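> Okay, handing you the structure first.
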Amino acid sequence: MGLEVQVIEHTYKLVVKRVPVTFDPHSAATLRVVEAMHSLRTGSIVRVDWIKPVEKQSPGQRTAYLMLTLNSVDQANQALKGLTLANQQVLVRREVEEPKRCAHCQCYSGHFARECKTVNEVCANCADTHPTRDCTVADDPSRY
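All residue numbers for the sequence shown refer to our numbering, where the first residue is 114 and numbers rise by one.
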């Protein structure tokens, strides 16, 4: 029949708050140590990245947020209890995805401006039919 099957592994994203910038999220050895310290299965940490790229961090910045991706719900729940990274106890929370909002029609219907079928652009400030950049209400806070 020519059918192909693709298995997509489900992952669980967590936000790790105020991690010392001395922590190296790309070191496989460091990630294995973190897994061992917190009784996580070896290889359960699939990916770790700084949320803000390192080159955009402020000079002298000491902590930053990480996106931690794990491969199972039980391992994610274990990590939610808290982690120690770079010798500092850090808080962990679930990632909350923001709803999609179209910048053209201002609807939360799961599409973006490039896919919008609405003819007239809707202003994000006053909901009138003009581009947000042309809004005069934005200059008058009493009209909000």
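Idealized CB from N, CA, C, for every residue including glycine. Note that the structure is predicted; figures quoted are calculated from it, not measured.
Report the option in SER152, CYS248 and ALA141 whose CA atom is closest to the CA atom of ALA189.
Checking every option, the nearest Cα to that of ALA189 belongs to SER152.
> Measure the alpha-carbon distance for GLN219 versus VAL232 and round it to whole angstroms.
Their backbone Cα atoms lie some 13 Å apart in a straight line.
> Which whole-angstrom value is the C-beta distance of ILE158 and GLU168, which I expect to be below 8 Å?
About 24 Å; that fails the 8 Å criterion.
> Quick check: what's the CA-CA separation for VAL118 versus SER185?
If you take the alpha carbons of VAL118 and SER185, they lie about 21 Å apart.
> When you compare each of ALA199, TYR178, GLN201 and THR182 to HIS123 by their alpha carbons, which one comes out closest?
If we check each option's Cα against that of HIS123, THR182 comes out closest.
> Buried or exposed, going by whether 16 or more other CB atoms sit within 10 Å of the CB of PHE225?
Burial call: exposed.
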